[in-house]
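So the sequence shown is residues 2 to 92, counted in the numbering used here.
All C-beta atoms, glycine included, are put in the ideal place defined by N, C-alpha and C.
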Amino acid sequence: MTKKELMYERIRNHGTKLIEYFGLPSDTDTTELCKKLFRIENKGHRIAEASCNGELSEEQEEKEERALERAFLRATGKDINTTDCFFNWDP
């Protein structure tokens, strides 16, 4: 198995666990789910870093947090406030 094949196998396994955790339909594309959540995580990191560097106002931070929450809802079908998930604002 090549490194790329191994990487995608790990992504599929992780996606399967996420589907089970969030109670998503079994036909959910595991790779696509992982990619969506990874993009949300990366955007959250960039926002947290900008916030810590004083580049965002409090209003901008709240707007960005709401956008992340909506993206999480679209990706998982769950309100982040009803899960064990949270955004760690420490970059």
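Residue i (DSSP reduced to helix, strand or coil)
i	result
Met2	coil
Leu19	helix
Glu10	helix
Thr83	helix
Rounded C-alpha distance that separates residue i from residue j
i	j	result
Glu59	Arg40	23 Å
Glu56	Glu50	9 Å
Tyr9	Glu63	35 Å
Gln61	Lys37	22 Å
Met2	His15	18 Å
Proximity below 8 Å, CB of residue i to CB of residue j
i	j	result
Phe23	Thr77	yes
Leu74	Phe88	no
CA nearest to the CA of residue i, picked from the options
i	options	result
Asp91	Leu38, Ala68 and Ile48	Ile48
Thr31	Glu42, Gly45, His46 and Arg11	Arg11
Lys18	Leu34, Gln61, Glu66 and Leu7	Leu34
Endpoints, the alpha helix (DSSP H) within which residue i is located
i	result
Leu38	Thr31 to Cys53
Glu70	Glu59 to Thr77
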